[in-house]
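Novice: Got a structure here, written out as structure tokens. Questions coming.
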Amino acid sequence: MTEGFCSPDFLLEQGPMGLTKNTERLLRHLRFQNVTNIDGAGDRGGDLLAERGGRRWVIQSKWKLNGPMGAAGVNEVFEAISVYRADE
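Okay, structure coming up:
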């Protein structure tokens, strides 16, 4: 097993909530600032907000074991970019 909180085995074990939590952790390690978890009902397609280099990022984490994610997930994150006035 690959070690670390980003390893595929660990993320699989953690499940959907763990994916968002560990993505939030990774962003902090990558020196993003103002990392905020906005995941929940009414999040409008965004799960995390963060800032880096003067730019605002919205991140959507999707958990799916099999098959492609589909266009709905992409459309949701574009809505989130607009709603949260993100650059990325």
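Under our numbering, residue 736 is the last one in the sequence shown; the count climbs by one each step, no gaps.
Yeah, the Cβ is synthetic: ideal placement off N, Cα and C, and Gly gets one too.
For clarity, every value in this text was computed on a predicted model and none was experimentally measured.
Start and end of the beta strand (DSSP E) containing R703?
Specialist: In the sequence shown, counting from the first residue as 1, residue 703 sits at position 55. Note, R703: beta strand (DSSP E), 703-707.
Novice: Report the option in N670, N714, I686, S709 whose CA atom is closest to the CA atom of G721.
Specialist: For the purposes of this step, residue 721 is taken as residue 73 along the sequence shown, with counting starting at 1. Comparing Cα-Cα distances from G721 to each of N670, N714, I686, S709, the minimum goes to S709.
Novice: Output yes or no for whether 9 Å exceeds the beta carbon distance between R694 and A719.
Specialist: Position 46 of the sequence shown, counted from the first residue, corresponds to residue 694. Position 71 of the sequence shown, counted from the first residue, corresponds to residue 719. The question names Arg, but residue 694 in the sequence shown is Gly. Contact: no.
Novice: Could you please give the first and the last residue of the uninterrupted alpha helix (DSSP H) stretch that includes L674?
Specialist: Here residue 674 is taken as the residue at index 26 of the sequence shown, counted from 1. Taken as a continuous stretch (DSSP letters only), the alpha helix (DSSP H) holding L674 covers 656-677.
Novice: Using the Cβ count rule (16 or more neighbours within 10 Å means buried), how would you classify A689?
Specialist: By one-based count along the sequence shown, residue 689 stands at place 41. With fewer than 16 Cβ atoms within 10 Å of its Cβ, A689 is classed as exposed.
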